[in-house]
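Asks: Here the sequence shown stands for residues 61 to 210, numbered as in the working numbering. Dumping the structure here so I can ask a few things about it.
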Amino acid sequence: MPALILPVQGKYPEIGPDCYLAENATIVGDVTLGRDCTVWFNAVVRGDVNSIRVGDQTNIQDGAVIHCTYQKAATVIGSRVSIGHKAIVHGCTVEDDVLIGMGAVVMDQAVVGAGCIIAAGAVVLENTQCEPGARAATRNNSGGAPRRQW
Numbered sequence: 061m062p063a064l065i066l067p068v069q070g071k072y073p074e075i076g077p078d079c080y081l082a083e084n085a086t087i088v089g090d091v092t093l094g095r096d097c098t099v100w101f102n103a104v105v106r107g108d109v110n111s112i113r114v115g116d117q118t119n120i121q122d123g124a125v126i127h128c129t130y131q132k133a134a135t136v137i138g139s140r141v142s143i144g145h146k147a148i149v150h151g152c153t154v155e156d157d158v159l160i161g162m163g164a165v166v167m168d169q170a171v172v173g174a175g176c177i178i179a180a181g182a183v184v185l186e187n188t189q190c191e192p193g194a195r196a197a198t199r200n201n202s203g204g205a206p207r208r209q210w
């Protein structure tokens, strides 16, 4: 059984060459995946109210949700990005070579610079700018607002 790939308002997802889509992954609407991407089980990439662009060799792991914001923010994800299990990436920009940990949340209009690592469970708040190479962890590694580690 193939992944669920659906149009929204006449916009069909564009899937690059050599991508792997798990059988119950869902790709909807104005979505473009680059080459060699993987979208794993129960992941949802939903471009229903704005666009989602994903670069080459990006990995969207099990249960992750990639969405955009109506009349506010598209979602742009660079190349060689790894988005961990059950992470939420919403209406933001994620540059190349980024790791977003399991269960992390990146909110509207945030920018995660190239080479950043967002720890499991961390929250990158709306309009936050994570400088290239920065590390964001949860406060006391137990939840709450992100902090930088150098």
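For glycine and all other residues, C-beta sits at the position ideal for the given N, C-alpha and C.
Going by beta carbon distance, what residues of the same chain come within less than 7 angstroms of Q209, once the five residues before and after it are set aside?
Replies: Note that Q209 has pLDDT 42, beneath the 50 cutoff, so the model's placement of it is unreliable and the number below is only indicative. Closer than 7 angstroms at Cβ, skipping near neighbours: R195, A197.
Asks: Excluding sequence positions up to five away, which residues of its chain have a Cβ less than 6 angstroms from the Cβ of R106?
Replies: V88, H127
Asks: Could you please give the first and the last residue of the uninterrupted beta strand (DSSP E) stretch that includes D168?
Replies: Taken as a continuous stretch (DSSP letters only), D168 belongs to no beta strand (DSSP E), as it is neither H nor E.
Asks: Candidates N84, V104, N110: which alpha carbon is nearest K249's?
Replies: The requested residue 249 does not occur in the structure, where the chain is confined to residues 61 to 210.
Asks: Taking the alpha carbon of P192 as the reference point, which residue from I148, I178, L185, I120 has its own alpha carbon closest?
Replies: Closest option to P192, judged by alpha-carbon separation, among I148, I178, L185, I120: I178.
Asks: Within 10 angstroms of the Cβ of L66, are there 16 or more other Cβ atoms? Answer buried if so, exposed if not.
Replies: Per the 10 Å Cβ criterion, exposed.
Asks: Return yes when the C-beta of N119 is under 7 angstroms from any heavy atom of the ligand GDP, and no when it is not.
Replies: The ligand GDP is not part of this structure, which contains no ligands at all.
Asks: Taking only runs of the beta strand (DSSP E) that begin and end inside the stretch 120-187, which ones reach a length of at least 3 residues, in chain order?
Replies: 125-127, 135-137, 148-150
Asks: Name the residue from I120, A133, Y80 whose alpha carbon lies nearest to the alpha carbon of T153.
Replies: Taking only the C-alpha atoms, the option nearest T153 is A133.
Asks: Quick check on the DSSP output: the beta strand (DSSP E) that includes V91 runs from which residue to which?
Replies: 86-93
Asks: With which residues is T98 paired in a DSSP beta bridge?
Replies: Bridge partners of T98: Y80, N119.
Asks: Taking the alpha-carbon of A103 as reference, which of C190, V149, E155, V125 has the nearest alpha-carbon?
Replies: For A103, the nearest C-alpha among the options comes from V125.
Asks: Going by other Cβ atoms of all chains shown within 10 Å of its Cβ, with 16 needed for buried, is P73 buried or exposed?
Replies: buried
Asks: In angstroms with no decimal places, state the Cα-to-Cα distance between D168 and T129.
Replies: 7 angstroms
Asks: Expressed to the nearest angstrom, what Euclidean distance is found between the alpha-carbon atoms of A174 and E155?
Replies: 5 angstroms
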